[in-house]
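Input: a single structure, listed below in structure tokens.
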Amino acid sequence: MTSLLHKPFSSFFLHLFVLLHMFYFSPFFAFADHTSSATPIFGTTASAAKYKVAGGKITEAEALLKWKASLDSQSQSLLSSWVGINPCINWIGIDCDNSGSVTNLTLQSFGLRGTLYDFNFSSFPNLLILDLRQNSLSGTIPSQIGNLSKIIELNLRDNELTGSIPSEIGFLKSLSLLSLRENKLSGFIPQEICLLETLNQLDLSINVLSGRIPNSIGNLRNLSLLYLFRNQLSGPIPSSIGNLRNLSKLFLWRNKLSGFIPQEIGLLESLNQLTLSSNILTGGIPSTIGNLRNLSLLFLWGNKLSGSIPQEIMFLESLNQLDLSYNILTGEIPKFTGNLKDLSVLFLGGNKLSGSIPQEIGLLKSLNKLDLSNNVLTGGIPYSIGNLTSLSLLYLHRNQLSSSIPQEIGLLQSLNELHLSGNILTGEIPNSIGNLRNLSILNLLDNKLSGFIPQEIELLESLNELDLSSNIFTGEIPNSIGNLRNLSILYLESNKLSGPIPLSIWNMTMLTTLALGQNNLSGYVPSEIGQLKSLEKLSFVKNKLHGPLPLEMNNLTHLKSLSLSDNEFTGYLPQEVCHGGVLENLTAANNYFSGSIPKSLKNCTSLHRLRFDRNQLTGNISEDFGIYPHLDYVDLSYNNFYGKLSLKWGDYRNITSLKISNNNVSGEIPAELGKATQLQLIDLTSNHLEGTIPKELGGLKLLYSLTLSNNRLSGGIPSDIKMLSSLKILDLASNSLSGSIPKQLGECSNLLLLNLSDNKFTNSIPQEIGFLRSLQDLDLSCNFLVQEIPWQLGQLQMLETLNVSHNMLSGLIPRSFKNLLSLTVVDISSNKLQGPIPDIKAFHNASFEALRDNMGICGNASGLKPCNLPKSSRTVKRKSNKLVILIVLPLLGSLLLVIVVIGALFILRQRARKRKAEPENEQDRNIFTILGHDGKKLYENIVEATEEFNSNYCIGEGGYGTVYKAVMPTEQVVAVKKLHRSQAEKLSDFKAFEKEVCVLANIRHRNIVKMYGFCSHAKHSFLVYEFIERGSLRKIITSEEQAIEFDWMKRLNVVKGMAGALSYLHHSCSPPIIHRDITSNNVLLDLEYEAHVSDFGTARMLMPDSSNWTSFAGTFGYTAPELAYTMKVTEKCDVYSFGVVTMEVMMGRHPGDLVSTLSSQATSSSSSMPPISQQTLLKDVLDQRISLPKKRAAEGVVHIMKIALACLHPNPQSRPTMGRISSELATNWPPLPKEFYTTSLEDIFSHTCS
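Per UniProt numbering, residue 1 is the first one in the sequence shown, and the count goes up by one each step.
See below:
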């Protein structure tokens, strides 16, 4: 085309065109034609035909050249042969018929860029084939494409076409092949496509088509190939599909198809390949599937198919590949699978298949890949597995397989991958494992395998990955392991291996990952480690290794993660540890390292995580560190660093935790630290910092912990402190801070701990401190505070520790302190307080040292005088002696009368018992126990406030009763659970019941709904609780509007709160309290989205002696599986329920079937890549109603999902305790090992809380 732009040629072409035109219509031409044909000039058929053809040539050429001109310049150059007026002569990609008309336009893989808008389809009346596949054509498909009336093949696949498929496609009645695959087409499949009755192949796959598959698809009776996979098609598979009797390939996978697989599928007797995978199909696999005798490939994985595997599959004797994985199939693996002699692939993983693996599996001699993972299979691995000598892949991980690994496993000499992780396999690794010379991956993670690592493992010279972690292997690492020269990944973590690291391991120069952590390894790290120059991850954490690290570690320039923590290393850290510039994670905590930090760290911009805490390192902190744009976590605590905090710490824009406590750092806190806006924790405790607290720290909106204690800070607390809305811990103790305590502290509403002790604060305690309703620890001791204690402090009902000692406080202790029922430790010593102490447990149990040196406090506590009686009482006492005489004499005279009366009463009582056999009268049943209140009056108030428990005040229904909202005369709002009559009638032992209520009512935890007490009356029996504003967690999750407000950080905090509550019940109560019914309905959220566990004692009170399942009604979907057979309720039952609720919070719905699918895998980890890891990303499992978590929230979600899976372990003993979980959640989230968007469920399984 570019040559036409040159003027001489363009002029020539124009003249040529004019001459031809004149010649064609000249009388001479007419005469010549006439003389040759001997027929009239304008009446000949030949003449007319020739006119049309000639005219067609020009029209087609013009159309092609016009379309060429619309393409980009590079595309035009690729079509440089398109010049002249006859496309049939040397025009690339074009074929013509004998009449000179274009019949075939094929430009496959030319790299053309442009659109079809300027392609004049009506100019090609004889076009049979249009093949423009594998180019970069964009825009929509023009409706004029319907003018290609004779076309038989239309192939536009692998372009960038958008928009909908034009309905005019239905005019192409001769079409045999239609391929629009791999574009960006959207909208519905037009019904008109179903008019193309000659169609043999239809491929609309890999687009974004939506809507249903047209029911009229059954009209395409000549269809042999139907590809609609990888779209967004929804609705059921139409039953008319059964009309396509010539169909050999039907691919509908990865859509959103739902409903049942139609029975009519069995009519497709010519079908050779059927894939319906990755949809939302439900119901069972139809029995008619057995009619498809020619079927060689059947893929139904990734749906929600249920029921058992149909017997009729046994008739599919041509079947070569069968994949039913990741559905909800139940029952046993059918023995008839042994009939499928041609089967090379059998994938049944990720279902709920149970029972043992049938011995008949050994009949599948052609089997090449077998995946039975992620089920609930039990029993041993069958010996017949040794018959599968063609097997290259064997996945049996995450089941409940037990017994030992059979020796016959060694017969599988073609095996390439063996995954047995996450089972209960015992015994030793069989020696025959050495026969698997082709094995590249061996994963035995998380079993109960024991004994020594066999020497024969050295024979596996093709091995690339070896994971023996989380077993009970003992002895030394065999020296022969060094023969595995091709090994790139070696995990031996979490065993009981001992002895030194064998020297031979350093011969494995291909290693990229070496994880030997959490064993009992001892000795030195040898210098030969420098030979492992490909290492990217090296972990020695939690062993007994000692001595200095060899200089040769500086050769490991590809290291991304180096974990040395919790050993006994001495000497220097490797100076060139970041010489390669790729180091991300360096942890060396809890050792005896000395000297300066590695010099290569100063420019190590790749760092994400750095832990040097609890060593003996030294150096100038302002000079030895550089700028780390990706640094997220740094802990330099408990070392000997000195110097000043550098201004450049403010440039660490991603840092979330900064810990430099217990060093010798001096100077001021730089104001620039306020620029590190991602900071959540600052700990600079026990240094030599001076100056004031910079007000710029008020800009750290995410900061939840600020500890600056034991320094030399002066000045006041900046009023900007109120801007730290996330602050939970503020510790400024042991400084020289002065002035008044700012009232703005009252705006830090999330504070749990406030420690301002040992400073020089003056004036009074601001009453605004009383607004900190979440406060648990308050220490204002050792200051110069004066005046009275503000009564507002009595509103701190979550307060557990209060220390205002060594001040100059005066006056009475506020009466409002009687409400501090959570208070356990108090110290008011060395003040000028007077009057009675509050009548609460904390003051009664306080030591004399905690109350001494005041101006005359009194009351019932150690070392205190009782408070004086009123004057009227003293007068009565003086007169008492006289009264004694007046009382004694009549008593002696009445003695005889009393004896008579007693006898009469005895007789009357005996008669009354006969008349009424009830154990107690109505008066006896009127029991009131409302702590701190007049129970009888409160009973009347509650009945009045609820209008005799009118349904208008009902806010919920539970298994034990109905819950009402009651507003008391004092305007206090409480929740009242009115027990069902059936439950109230169970209260046979009122004393035991009352004692139980008193125990539970004294439980105080910020995440547990307070129980105020109970009322038991012949008419109504009810429990009185704290009212929580937002209601149940389930209510929040099931409400679309409220769920959107319920963001990830709120959800993470809710899980933390639940864990804290259950940890308290299990570990801080004596005896421990088992909740028994943890559900999303029994977790309430307040206005700040703080979790409060409710109903924690109802089951215990109503059934104090029950410890078995038969006497306890839990909630289906939340109860631990062992209750079905042990009938024993333990703390681990609560742990399981906690795991279910946690997943519900993360997923935005009850996890349902996912729980049972994953429960046997909860604590598993594998380096394998089963189908679920390839198909299911974590982001697809989470609640889709809110945007995906980012940064810290993403880390928290991943960490909490790992913990949740650990809680779902089928073995109760393998579940973590709530104490362990609560501790895990109290620490910072570990950083993500990979991008959140790419994190799969497989990654989540890799390391769960155990």
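Each residue gets a CB set at the ideal place from its N, CA and C atoms; glycine is no exception.
As the structure is a computational prediction, the values presented were derived from the model and not from experiment.
Query	Result
Residue burial classification, Thr1142 (beta-carbon count within 10 angstroms, cutoff 16)	buried
Contact set for Ser736: own chain, Cβ-Cβ below 8 Å, skip 5 residues either direction	Arg712, Leu713, Ser714, Asn759, Lys760
Span separating the alpha-carbon of Ala733 from that of Leu631	29 Å
Whether Pro1210 touches Gln400 by CB criterion (8 Å)	yes
Simplified DSSP state of Leu436, which is helix, strand or coil	coil
Residues of its chain near Tyr964, where Cβ-Cβ distance is below 7 Å and the 5 sequence neighbours each way are ignored	Thr946, Phe949, Tyr953, Cys954, Ile955, Val976, Lys978
Ile424 (DSSP reduced to helix, strand or coil)	coil
Span separating the alpha-carbon of Leu449 from that of Leu484	21 Å
Pair within 8 Å by beta-carbon distance, Ser308 and Leu340	no
Cutoff 8 Å; reference Arg221; Cβ partners in own chain excluding five residues on either side	Glu197, Asn243, Leu244, Arg245, Asn246
Buried versus exposed, by CB contacts within 10 Å (16 or more), Lys1132	buried
Beta-bridge pairing of Val634 - partner residues as DSSP gives them	Leu610, Leu658
First and last residue of the uninterrupted beta strand (DSSP E) at Ser810	808 to 812
Lys544, DSSP secondary structure in three states	strand
Nearest-angstrom Cα separation, counted from Leu753 out to Leu799	9 Å
Glu1235 versus His1199: straight-line alpha-carbon distance, rounded	14 Å
Contact check, Ser1094 vs Val1024, beta carbons under 8 Å	no
Cβ pair count under 8 Å reaching 3, the stretch 460 to 469 against the stretch 498 to 508	no
Contact set for Leu679: own chain, Cβ-Cβ below 7 Å, skip 5 residues either direction	Ile655, Thr656, Leu658, Leu700, Leu702, Leu703
Glu690, enclosing beta strand (DSSP E) - first and last residue	688 to 690
Pick from Asn416, Ser414, Ser402 that is closest to Gly422, judged by C-alpha positions	Ser402
Classification of Asn1218 by the beta-carbon crowding that lies within 10 angstroms, buried from 16 upward	Reading off the sequence, residue 1218 comes out as Met, not Asn. With 16 or more Cβ atoms within 10 Å of its Cβ, Met1218 is classed as buried.
Cut-off 7 Å between Cβ atoms - residues of its own chain near Thr1115, not counting five sequence neighbours on either side	Asp1077, Thr1079
Close Cβ partners of Ile151 (< 8 Å) along its chain, the five nearest in sequence each way excluded	Leu127, Leu128, Ile129, Leu130, Leu172, Ser174, Leu175
Anticipated Cβ contact below 8 Å, Ser738 with Thr762, distance rounded	7 Å
Contact set for Pro755: own chain, Cβ-Cβ below 6 Å, skip 5 residues either direction	Per the sequence shown, residue 755 should be read as Asn rather than Pro. Within the same chain, Asn755 has close Cβ partners Asp731, Ala733, Asp779.
Neighbourhood of Gly43 by C-beta, 8 Å cutoff - its chain only, sequence neighbours within 5 removed	Caution is warranted here: a pLDDT of 32 is assigned to Gly43, below 50, making its placement in the model unreliable, and no coordinate value can be reported.
CB contact flag (residue 1276, Pro814, <8 Å)	Any property of residue 1276 remains undetermined from this structure, which presents the chain solely from 1 to 1250.
C-beta atoms of Asn479 and Pro454 nearer than 8 Å	no
Where the beta strand (DSSP E) containing Glu1195 begins and where it ends	No beta strand (DSSP E) contains Glu1195, which is instead part of the alpha helix (DSSP H) from 1191 to 1207.
Expected contact under 8 Å - CB spacing of Gly691 and Ile669 to nearest Å	7 Å
Inter-residue Cα distance where the pair is Ile769 and Ser951	39 Å
CB of Ile621 within 8 Å of CB of Gly595, strictly	no
Val208, buried or exposed, once every other Cβ within 10 Å from all chains shown has been counted against 16	exposed
Other residues of its chain near Ser390: CB distance less than 8 Å, five sequence neighbours each side excluded	Ser344, Lys365, Ser366, Leu367, Asn368, Ser414
Helix, strand or coil at Gln795 according to DSSP, with G and I counted as helix	helix
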